[in-house]
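What follows is a single structure, written as C-alpha cells, with notes after it.
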Amino acid sequence: MIKLLHIVAIGALVSSALYAYSIKYETTLQAEQLQKLKAKAQREREAIAVLKAEWQFLNRPERLQALAERHLELQPLTTTQIVRLSDVPNRGPKVDSIGRKLEDLGLGVPTETPKDRKSNAVTTPGGRP
Amino acid sequence: MSDAADQHVAAGVGSAGGTRTRRWLRTDWLRDVFRMSGEKSEPRVGLVILGFSGLFLAIVGRLIMLGAFPSEQVGLRRATSTAISAARPDILDRNGVQLATDIRTVSVFAEPRNILDKDEATELLTAVLPDLNAKELRDKLGTKKGFVWVKREITPRQQAEVHRLGIPGVGFVPENKRVYPNGNVAAHVLGFANVDNIGIAGIEKYIDSQGLQDLNGAGFAVQASDLKPVQLSIDMRVQHLLRDELVKGLEKYRAIAAAGAIMDVNTGEMIALVSLPDFDPGNPVDALEKDRINRMNVGVYEMGSTFKALTIAMALDAGKANINSSYSTAGGMMRFGRQVIKEYHGTGRTLTVPEVFLHSSNMGSIKMALSVGVEGHKAFLRKMMQLDRMTTELPESAAPIVPQRWGEINTATIAFGHGLAVAPIQALAAVGALVNGGYLIKPTFLKRTEEEARKEAIRVIKPETSEAMRFIMRLNGEKGSARKADVAGYFVGGKTGTAEKVINGRYAKNKNFTTFTAIAPSDKPRYLFLAIYDEPKGYAESGGYSTAAWNAGVTTGKVIERAAPILGMAPRFEPPPSPFPLMARLGAWGSR
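Chains as they are written, first to last, in the numbering used here: chain G, 1 to 129; chain F, 1001 to 1592.
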C-alpha cells in the first residue's frame, strides 16, 4: 500500500515537473514572440514617422505653390470673384427649347402610338410618307 | 559533548607548562571553533566576524575604486546612453500640420581599445565615408577611450558599406534625428536642435526648458511615443504666404531685411511670424550669423508713426483730449531748446484728432503727449509694456532702448515714434490692445483659446478709447496713408510708419525703416497684420518713394487678400451698418 502511494507520488512529481517545464518553455516562446512583435511595431512606428515627415516634405506649401504656378492655370482668389447670393440673377422662365425647335420644323404634331397603327399604316411623324 | 568540555577545562588547567600541552592547545583551538556549546564558541564568532569584515572591506574597496577612477570598461550600453540623441516631441501647427519630427537614423561608433589595427581601420572608414577627416579620425581612434563617434547620422547605404568592412570594434547605434520638413518657412519660430537633439533656439529650446532635458539627464530613456506633441499657434499656410510675399517684397524693394507677423488680437496667438533673411533649421549652418536674427523679437527699432496711435490713445484715455479736440500745426515746426521738429506732411492748419492721425502730424502728436506730461507718458508706455523686455515662449528677446534721462524733448520725439526703440512684437501687442477693446494680451506661440487669453489679459485702456482707435485706423485705411492695404470687403484699417534709420548717431535721410500695421475687420478686429522693411528703396511705380505705404503697405494688402479666406474671414459687400456708434454720436471728423 505504502509502495503504491510512493509510486503515485513520484509519478505526480514527475508529471508536474514535466508540465511546469512545458509551461515555462511555452512562456519563453511567447515572450520571444512578444519581443519580436514589439520590435516590429517599433519598426513600423519609425517607418510611419519617416513617411509622415516625407508626406509633409512633399506637401510643404512652398513646393505646392511652385508646382501650382507651373502646372495649373488657377489664380489666387480675389474678393471681386465672390458674389452675394442675392446678386445671382433669377432663373428665367422655363423654355422647352427642343419642343420649340420641333415646332419650328413643323413637327409639333404628336406622333402616333402603335395602337393607331391598324387604322393608319403610316408611322412617320406628322404622317409624312 | 560535555566530556569534551571537561577535557578542555582539564587541558586549560594543565597548559601552564610542557610541550605536550602546547600541541594540545593548537588542535584544541580548532576544536573550539567547531564546538557547538554557546559559551565556548568565541573563537568561532571571531572567525565569522573576520570573514565578513574581509568581505565588506573588499566591497568598500571596490566601490571606492569605481567611484574614484571611473572605469572605462563600463558597458557599451552606458557609454551610448549618454551620447545618443534623445527623443523630442513632434511640433505641430494649429491645424495639426507637422512642423518638426524625429526620425530614426543610424550612427557609427568605434571602441578604440578593441580596434587592432588603427591605421587600417582609419583607411577603410575614410574610404567608405569620404567626408571624414582622416587625421582627426586617426587621433580619435588613438585615444584610450571606450567609445568615440565616427560619424553621426549616416545613410542606410553607408551603413551597409561600413558593415561590410567588418572592422572589429566598429558598430552602429540607432539615434533620433530632428527633421523640419517645411524648410525655411517657420525657421525663426521653430529654432533648431543640434546633432544631440538638444534645442538650441526658438520653440525647440523652449521645449527643453520645460523639463525635457531634466528627464533625459536623470537617465529616463524617453521615447518619442511617450511625448505629447507641442501644438503651436502658427498656421502653416498663412506663415508660408506671409513669407512668400515678404520674399517677393524684399526683392522688389531691394531692402536689406524684412519681417512680418500676424496676430489674433483676441487671443494673442501669433498666427505667423517671419523674419528675413532666414535659415534652414534642418541645416542651420548660417543660423547664428548676425543678419539672421529674429527681427520681430530680437531686433529693436524706432517704430515711427505707428507710435502715434499709442500717443493718441493715451491722450484720449487720459481725458486730455476727445475725438473732436483740435491742434494747431501753424508754423510747421516746434522748437525744443536747440532741437527743431518739423512736420513731414505739413498742412499748416488746425487738425482734429482723426486728421492728426491721417496726416501723421508730428506736431499734433507732440502736443497730445505734452498735454499728458512726461510722467504720464512714461507710465502709459510702461503699462503698455513698451519699456521693459517682453518675453514670449521664444527664448530670444531684446530689451527696448529707453532714453537714460527722459525729458520733455524725449516725450516729444517718442510721441511720434523716435527716441524709443522697441521690439516689433512689443509694438504688436500694444496695437492689439488699442483695437481689441482695451486688453493687453502677451503674444504667445502656443495654441490657446480666447478664455485662456482673457485670464491673463490686463485692461489698459477704456473700450471707448479702443473704439476711437479703430475708427481712426479705419479712416486712415479709407482715406489716409493705409489705402494701399484697403482690400475690398475686409474693412481694413491701418497705420504706416516710416522712421529714418540712425547711422553713426545721426538720422540718415535716405535710409528708412518702414512698418505697416493693419487690422481687419475694423469694426470688430480679429487679426492684426504687421510688415516691416529695413532700408527699402524706391521703385518705378512708386515714383521713387520709399515710405511705408509704398512697400510695407503694398505687401500687407497682398497678405490680407491671400490670408483672409484661409483665416475664415468672409468678405462683406457693404460696410457694417453702424461700425462706430459712439464716434457717430460724437460727430467725429470723418464719421459722416
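All residues carry an ideal CB built from backbone N, CA and C; glycine is no exception. What you are looking at is a predicted structure, and each value in this text was computed from that prediction instead of being measured.
{"Query": "Minimum length 3: unbroken beta strand (DSSP E) runs contained in the region 1203 to 1281 of chain F", "Result": "1257 to 1264 and 1270 to 1276"}
{"Query": "Beta carbon of F:L1141 nearer than 8 Å to that of F:T1122", "Result": "yes"}
{"Query": "Alpha-carbon to alpha-carbon, F:R1459 and F:G1438", "Result": "6 Å"}
{"Query": "Those residues which DSSP pairs with F:W1589 across a bridge", "Result": "According to DSSP, which records beta bridges pairwise, F:W1589 is partnered with nothing at all."}
{"Query": "Backbone secondary structure at F:Q1098 - three-state DSSP", "Result": "strand"}
{"Query": "Chain F residues whose Cβ lies nearer than 9 Å to that of G:P89", "Result": "What G:P89 touches in chain F: nothing, since even the nearest Cβ is about 16 Å away."}
{"Query": "Integer Cβ distance of F:I1256 from F:D1534, believed to fall under 8 Å", "Result": "5 Å"}
{"Query": "Supposed contact pair F:G1249 and F:T1555 - C-beta distance, whole angstroms, cut 8 Å", "Result": "4 Å"}
{"Query": "Under 7 Å (Cβ pairs) to chain G, residues found in the region 1169 to 1191 of chain F", "Result": "V1179, P1181, N1182, G1183 and V1185"}
{"Query": "Strand pairing of F:R1572, partner residues [DSSP]", "Result": "Paired residues: none, contrary to the question."}
{"Query": "Contact with chain G by F:A1485, beta-carbon distance below 8 Å", "Result": "no"}
{"Query": "Local Cβ density within 10 Å of F:A1086, reported as buried at 16 or more and exposed below that", "Result": "buried"}
{"Query": "Where F:M1583 sits in the DSSP three-state scheme", "Result": "helix"}
{"Query": "CB of G:Q56 within 8 Å of CB of F:P1181, strictly", "Result": "yes"}
{"Query": "G:T28 versus G:Y19: straight-line alpha-carbon distance, rounded", "Result": "14 Å"}
{"Query": "Beta-ladder partner(s) of F:I1341, from DSSP", "Result": "F:M1334"}
{"Query": "Proximity of F:I1312 and F:M1384 at Cβ, strictly below 8 Å", "Result": "no"}
{"Query": "8 Å Cβ cutoff, F:A1004 in contact with chain G", "Result": "Bear in mind that a pLDDT of 45 at F:A1004, under 50, signals an unreliable position, so the number given afterwards is only what the model happens to contain. Chain G, which has no Cβ nearer than 8 Å to the Cβ of F:A1004, makes this no."}
{"Query": "For F:L1351, the residue or residues it bridges with in DSSP", "Result": "F:Y1327"}
{"Query": "CB contact check: F:E1561 to chain G, cutoff 8 Å", "Result": "yes"}
{"Query": "Identified DSSP bridge partners for F:Y1533", "Result": "F:A1258 and F:T1514"}
{"Query": "Coarse secondary structure for G:V109, derived from DSSP in three states", "Result": "coil"}
{"Query": "Test: G:E69 CB closer than 8 Å to a CB of chain F", "Result": "no"}
{"Query": "Beta-carbon proximity of F:P1443 to F:G1166, cut-off 8 Å", "Result": "no"}
{"Query": "Closer than 7 Å at the beta carbon, the chain F residues around G:L34", "Result": "Those do not exist, as G:L34 stays about 17 Å from chain F at its closest Cβ, beyond 7 Å."}
{"Query": "For F:P1043 and F:G1018, the rounded distance between their alpha carbons", "Result": "With a pLDDT of 48 at F:G1018, under the threshold of 50, the modelled position of that residue is not reliable, and the figure given next carries that caveat. Computed Cα separation, rounded: 24 Å."}
{"Query": "Closer than 8 Å to chain F by CB, G:K40", "Result": "no"}
{"Query": "Contact under 8 Å by Cβ, F:F1416 with F:K1308", "Result": "yes"}
{"Query": "Option nearest F:R1400 by Cα separation, candidates F:D1388, F:W1406 and F:R1094", "Result": "Per the sequence shown, the amino acid found at residue 1400 of chain F is Pro instead of Arg. Ranking F:D1388, F:W1406 and F:R1094 by Cα distance to F:P1400 puts F:D1388 first."}
{"Query": "8 Å Cβ shell around F:R1562 - same chain, five flanking residues per side excluded", "Result": "L1241 and E1245"}
{"Query": "Cutoff 6 Å; reference F:A1564; Cβ partners in own chain excluding five residues on either side", "Result": "Y1490"}
{"Query": "Whole-angstrom C-beta distance between F:R1088 and F:R1178, which should lie under 8 Å", "Result": "6 Å"}
{"Query": "Pairwise C-alpha distance: F:R1335 and F:Q1239", "Result": "45 Å"}
{"Query": "Three-state secondary structure assigned by DSSP to F:P1174", "Result": "strand"}
{"Query": "Neighbour-count burial assignment, F:D951, 16 or more Cβ in a 10 Å radius", "Result": "Only positions 1001 to 1592 of chain F appear in this structure, which leaves residue 951 of chain F out of reach."}
{"Query": "Which residues DSSP lists as bridging F:L1092, in chain order", "Result": "F:Q1098 and F:Q1231"}
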